[in-house]
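Visitor: Residue numbers (our numbering): 3 to 190.
1) Specify the secondary structure class of residue 25 as computed by DSSP and reduced to three states.
2) Exposed or buried, residue 6, counting other C-beta atoms within 10 Å across all chains shown (16 or more means buried)?
3) Which ranges does the beta strand (DSSP E) cover as unbroken runs of at least 3 residues, wholly within the segment 20-70, from first to last along the chain?
4) From residue 55 to residue 130, what distance separates their C-alpha atoms?
5) Of all the options 115, 37, 180, 95, which has the alpha carbon lying nearest to the alpha carbon of residue 144?
6) Pull up the distance between the alpha-carbon of residue 63 and that of residue 113, whole angstroms please.
7) Measuring only the C-alpha atoms, how far is residue 40 from residue 92?
8) Cα separation between residue 176 and residue 11?
9) Do residue 59 and residue 133 count as a contact pair if the criterion is CB distance below 8 Å?
10) Just to confirm before moving on: does the CB-CB distance between residue 125 and residue 117 stay below 8 Å?
11) When you compare the CB positions of residue 154 and residue 42, do they come within less than 8 Å of one another, or not?
12) For residue 97, I'd like the list of residues in its chain whose CB is within less than 6 Å of its CB, leaving aside the five on either flank, ordered along the chain.
13) Spell out a yes or no on whether the segment 82-90 and the segment 178-190 are touching, meaning 3 or more CB-CB pairs, one atom from each, closer than 8 Å.
14) Could you tell me if residue 146 is buried or exposed, where buried requires 16 or more neighbouring beta carbons within 10 angstroms of its beta carbon?
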């Protein structure tokens with residue numbers, strides 16, 4: 003026997019057409035991954051900010067949130083990790099382009115900026131860790147590209163999984179609240 007609540011949930015799901023445990027095709031993943039990749043590329047590409055690697059999952063989180071919003075799909079953790087990792091790859095590639103532009107055109111300005119707010123030796127260390135060394139070469143760029151893609155992929159996937167886990171915990175909390183309300187209504 004099916005309760006009225008379960009029937010109502012089925013009707014609501016059919017009306018809103020939200021697919022649960024859905025697969026995401028490459029083309030559905032493309033636009034959200036580019037949006038998340040822009041966030042990741044900004045974090046990975048700008049010297050000083052790219053040391054804050056804990057901000058990278060925001061791009062993967064955003065990409066999965068956009069899949070949920072635009073395509074009305076609740077995806078699994080594996081699919082979320084795939085979307086977040088793809089956003090990380092895009093972010094890693096665009097991040098190295100941002101780093102190259104800053105290194106070619108604004109390296110001296112970045113050096114002066116960091117030396118005004120930090121000790122000169124600390125400023126040099128920050129720029130070296132940021133991948134903006136004064137001796138920019140192809141091997142340095144290649145190493146930075148590999149590091150950006152690896153960091154973007156791993157942390158982007160983590161951000162995607164964090165989004166699905168957050169949505170699952172919200173759903174469980176909402177279900178528990180509905181059960182408590184139903185018990186209170188039955189008790190009255």
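No residue lacks a Cβ here, since even glycine has one placed at the ideal position from N, Cα and C.
These figures come from a predicted structure and were not determined experimentally.
Guide: Taking the coordinates as given:
1) Start at 1 with the first residue of the chain shown, and residue 25 comes out as number 23. Under the three-state reduction of DSSP output, residue 25 falls in the coil class, being neither helix nor strand.
2) As a first step, residue 6 must be located in the chain shown, where it is residue number 4. With fewer than 16 other Cβ atoms within 10 Å, it is exposed.
3) 21-24
4) Within the chain shown, the letter at position 53 stands for residue 55. Within the chain shown, the letter at position 128 stands for residue 130. Taking the straight line from one Cα to the other gives about 15 Å.
5) Counting from one through the chain shown, the residue named residue 144 turns up at place 142. The candidate whose alpha carbon is nearest that of residue 144 is 95.
6) Here residue 63 is taken as the residue at index 61 of the chain shown, counted from 1. Here residue 113 is taken as the residue at index 111 of the chain shown, counted from 1. If you take the alpha carbons of residue 63 and residue 113, they lie about 32 Å apart.
7) One-based indexing of the chain shown puts residue 40 at position 38. One-based indexing of the chain shown puts residue 92 at position 90. Those two C-alpha atoms are separated by around 8 Å.
8) For this step, residue 176 is matched to residue 174 along the chain shown. For this step, residue 11 is matched to residue 9 along the chain shown. Rounded to whole angstroms, residue 176 to residue 11 spans 13 Å at the Cα level.
9) Within the chain shown, residue 133 is the residue found at index 131, counting from 1. Within the chain shown, residue 59 is the residue found at index 57, counting from 1. Against a cut-off of 8 Å, the Cβ pair of residue 59 and residue 133 comes out as no contact.
10) Residue mapping note: residue 125 aligns to position 123 of the chain shown, counting from 1. Residue mapping note: residue 117 aligns to position 115 of the chain shown, counting from 1. For residue 125 and residue 117, yes; Cβs fall inside 8 Å.
11) Taking the first residue of the chain shown as position 1, residue 154 is located at position 152. Taking the first residue of the chain shown as position 1, residue 42 is located at position 40. Their beta carbons are under 8 Å apart, which means residue 154 touches residue 42 by this criterion.
12) Locating residue 97 in the chain shown gives position 95, where the first residue counts as 1. Answer for residue 97: 43, 46, 47, 150, listed in chain order.
13) no
14) Looking up residue 146 in the chain shown gives position 144. Buried, because 16 or more other Cβ atoms sit within 10 Å of the Cβ of residue 146.
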